[in-house]
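Residue numbers (the working numbering): 271 to 894.
Even for Gly, the Cβ is constructed at its ideal location relative to N, Cα and C.
Please read the structure below before turning to the comments.
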RNA sequence: CGGGACGUGGCGCAGCCUGGUAGCGCACUCGGUUUGGGUCCGAGAGGUCGCCGGUUCGAAUCCGGCCGUCCCGACCA
């Protein structure tokens with residue numbers, strides 16, 4: 271899991287020289303002997319006086335999210351338009367760190383890296399049914415051909431596999447790439463957290479059957495767990511909605527942070543997106559039930575809080591009715607498969623439309639006021655008692671699973687009237703479904719549930735034959751029979767890993783990078799006039815560090831110490847090494863650990879370079 | 001798509017109501033000063049006031065249209 275950050279050692283600069291290192295210096299030879307693809311010899315370690323790191327004291331007025339504010343202030347990113355962001359040099363280094371972690375771990379499970387185009391013909395998208403998606407950018411070339419900008423690459427990769435794979439002997443496959451994704455998001459937000467263009471690592475697996483898919487899926491679980499562990503994030507793997515289309519399993523990787531757009535439900539041993547979470551409800555005390563429901567006058571009171579307070583009951587003692595029209599035959603034109611269902615949840619609960627759609631197994635829409643009036647009664651006063659037989663009653667498990675110790679209050683299907691003493695089963699028939707949204711304080715296995723906002727940093731999804739069938743990706747099995755290929759797709763957004771790390775670990779001074787994501791390991795700060803002895807000493811240490819295994823950025827600018835320290839803490843490299851007059855007096859450079867701003871043992875200035883490097887490397891290994 | 005807000009040097013803001021030569025802080029340039037927590041002094045450079053049109057002798061300011069950006073919600077294969 272934990273390993274040294276930065277490029278492999280054998281490719282680093284071989285020797286240190288005390289002559290100033292300039293960008294024009296020739297790079298050490300690299301290439302054919304590279305142990306790992308895509309890792310090149312390290313370039314000269316930058317001097318801040320020559321590096322584009324435009325820091326700002328004040329964040330842009332329209333930036334709200336922590337990562338948005340800090341990444342702009344620290345000079346990592348700049349905006350070009352809504353949802354369009356440029357990564358500046360230091361920001362791109364962090365992004366590349368995330369990318370490299372992902373690459374190593376996907377390679378480790380047998381992934382084969384490739385590259386597919388963003389600009390694509392529209393045919394496969396029309397065949398897969400995704401051409402209609404609003405977020406899909408569509409364009410026309412000069413010949414009038416319809417093109418799209420890919421939002422993911424299922425269509426492309428499946429097209430290639432369909433053409434290239436013939437036999438069961440060609441399977442399984444894990445193919446992946448890092449490629450730009452384009453999505454016409456209705457609302458980009460929070461800097462780099464939700465953009466219209468971003469780089470995604472997407473991998474795709476191809477298997478002979480469901481069992482093979484399960485294997486490839488589990489390999490990705492392992493790789494993803496390692497990726498997020500190495501990234502240093504706080505993260506959860508949660509159960510996710512598989513959607514309506516042929517998915518048989520899905521997980522999301524969530525990084526809790528204030529700017530998160532999702533909510534995760536957490537209990538010991540349990541983690542789920544609230545979209546699909548289930549839990550035992552908090553108990554509610556019901557008033558005694560009479561032998562039969564009794565009407566109560568509730569003039570003008572159509573909301574749960576109003577009725578509850580009139581009757582002096584907790585909101586949970588009411589049953590909320592949610593009439594929906596199930597679209598049994600699917601949303602096809604002229605469909606006659608519409609039928610009304612009455613969904614009941616406890617008054618203090620809310621219907622979760624995703625869970626409801628999953629429970630129904632087909633789409634639905636809320637009933638219109640006219641439909642409600644026709645089948646049941648006036649909106650605000652509807653209930654299950656006396657509902658027409660053709661309106662099926664679905665009772666949420668939070669109610670159905672608990673033996674009633676009294677009666678509930680429901681609408682009476684008459685204006686200005688509710689019923690009390692309603693007992694499910696006695697007074698109306700029902701089917702049990704789990705369709706409510708869980709609440710903080712509900713329990714899972716007796717332990718209370720917490721709900722946290724989180725950002726989705728990755729997802730893994732069993733596609734099954736969702737794409738292979740329409741795009742004709744099949745193979746011949748041992749018996750010469752043609753079978754569809756079973757697919758999975760697996761995405762990670764490196765930009766979100768970077769932004770989530772900023773969200774999770776920043777403090778009032780700025781960013782505090784986890785070791786493996788930091789753009790530089792060491793921020794070397796010199797204090798003192800140019801030409802002074804302390805400057806000379808800093809230059810020397812810079813040369814030493816540049817030759818070592820850790821990446822360093824050297825603040826050689828002619829600025830006061832306050833500004834340099836402030837910039838260093840804003841940028842957030844894990845270690846800060848300072849050399850000033852004080853260091854010359856004590857014989858040691860000061861070392862500060864950014865996380866917690868703790869002081870580490872000083873670095874002896876007269877020690878041999880190898881010892882200095884070793885001391886820093888050792889400290890580095892101990893960092894989070 | 002619904003609701004709200006905002007567009008004035010690189011960043012943060014004032015000026016607009018009540019029309020009359022565009023201002024402040026930071027950053028930037030030059031000279032000096034200072035060098036272990038955003039030092040101080042002086043001199044400078046930099047702006048089609050988002051765009052188009054209208055009203056007016058005169059528009060950053062008033063009116064209309066458009067564009068852009070952000071926030072909340074909806075949406076998010």
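*Check each candidate in 813, 701, 721 and 889 and name the one with the smallest Cα separation from residue 533.*
721
*Simplified DSSP state of residue 881, which is helix, strand or coil*: helix
*Would you kindly work out how many angstroms separate the C-alpha atoms of residue 329 and residue 772, rounded to a whole number?*
15 Å
*Alpha-carbon spacing of residue 757 relative to residue 339, whole angstroms*: 39 Å
*So, residue 489 versus residue 595, is the Cβ gap smaller than 9 Å?*
no
_Where residue 396 sits in the DSSP three-state scheme_ = helix
*For the stretch 675-709, which segments carrying the beta strand (DSSP E) assignment without a break, of at least 3 residues, lie completely within its bounds, in sequence order?*
678-681, 687-692 and 701-703
_Please classify residue 501 as buried or exposed, where buried requires at least 16 other C-beta atoms within 10 Å of its C-beta._
buried
*Which word fits residue 766, buried or exposed, when buried means at least 16 other C-beta atoms lie within 10 angstroms of its C-beta?*
buried
_Cα-Cα separation, residue 671 to residue 659_ = 23 Å
*asked:* Residues in the same chain with beta-carbon distance under 7 Å from residue 885, minus the five sequence neighbours each way, listed in chain order, please.
replied: 873
*Inside the stretch 630-684 only - alpha helix (DSSP H) runs reaching at least 4 residues*: 639-645 and 667-670
_Run of the beta strand (DSSP E) containing residue 219, from where it starts to where it stops_ = The structure shown does not extend to residue 219, since the chain is modelled only from 271 to 894, so the question has no answer here.
*Kindly give me the distance between the Cβ atoms of residue 455 and residue 617, rounded to whole angstroms, as I take these residues to be in contact under 8 Å.*
Contact flag wrong, Cβ pair sits at about 36 Å.
_Beta carbon of residue 737 nearer than 9 Å to that of residue 425_ = yes
*asked:* Can you tell me where the beta strand (DSSP E) holding residue 736 begins and where it ends?
replied: Where residue 736 is concerned, there is no enclosing beta strand (DSSP E), given that its DSSP letter is neither H nor E.
_Three-state class that DSSP yields for residue 618 in the structure shown_ = coil
_For a quick check, are the C-beta atoms of residue 666 and residue 706 less than 9 Å apart?_
yes
*For residue 381, which residues from the same chain have a beta carbon less than 6 Å from its beta carbon, with the 5 sequence-adjacent residues on both sides left out?*
444, 446 and 473
*Leaving out the 5 sequence neighbours to the left and right, which residues in its chain are closer than 6 Å to residue 545 when beta-carbon positions are compared?*
511 and 624
*According to DSSP, residues forming a beta bridge with residue 756*: 477
_Helix, strand or coil at residue 592 according to DSSP, with G and I counted as helix_ = strand
_For residue 901 and residue 657, which I take to be in contact (beta-carbon distance under 8 Å), what is that distance rounded to the nearest angstrom?_
Given a span of 271 to 894 for the chain in the structure shown, any question on residue 901 remains unanswerable.
*Does DSSP put residue 623 in a helix, a strand or coil?*
helix
*asked:* Taking the alpha-carbon of residue 570 as reference, which of 535, 866, 651 and 520 has the nearest alpha-carbon?
replied: 651
*In angstroms, rounded to a whole number, what distance separates the CA positions of residue 308 and residue 860?*
With a pLDDT of 40 at residue 308, under the threshold of 50, the modelled position of that residue is not reliable, and the figure given next carries that caveat. Residue 308 and residue 860: Cα-Cα distance of roughly 35 Å.
*Within 10 angstroms of the Cβ of residue 413, are there 16 or more other Cβ atoms? Answer buried if so, exposed if not.*
exposed
*asked:* Just to confirm my understanding: we take residue 368, look at its own chain, exclude 5 residues before and 5 after, and list those with CB closer than 7 Å. What are they?
replied: 501, 764, 767, 768 and 787
_Can you list, in chain order, the residues of its chain with a C-beta nearer than 7 Å to that of residue 515? Leave out the 5 residues immediately preceding and following it._
The predicted model places residue 515 with a pLDDT of 49, which falls under 50 and marks its position as unreliable; any figure quoted below should be read in that light. Closer than 7 Å at the Cβ level, and outside the excluded window around residue 515, lie 736.
*For residue 784, count neighbouring C-beta atoms within 10 Å of its own C-beta (all shown protein chains included) and say buried if the count is 16 or more, exposed if not.*
buried
*Shortest alpha-carbon distance to residue 673 belongs to which of 832, 408 and 555?*
555
*In whole angstroms, what is the alpha-carbon distance linking residue 869 and residue 844?*
12 Å
*Return the CA-CA distance between residue 566 and residue 591, expressed in angstroms with no decimal places.*
17 Å
*Can you tell me the Cα-Cα spacing of residue 578 and residue 654, whole angstroms?*
18 Å
*Under 9 Å, do residue 797 and residue 842 count as touching if we go by C-beta distance?*
no
*Host beta strand (DSSP E) of residue 822 (start-end)*: 822-825
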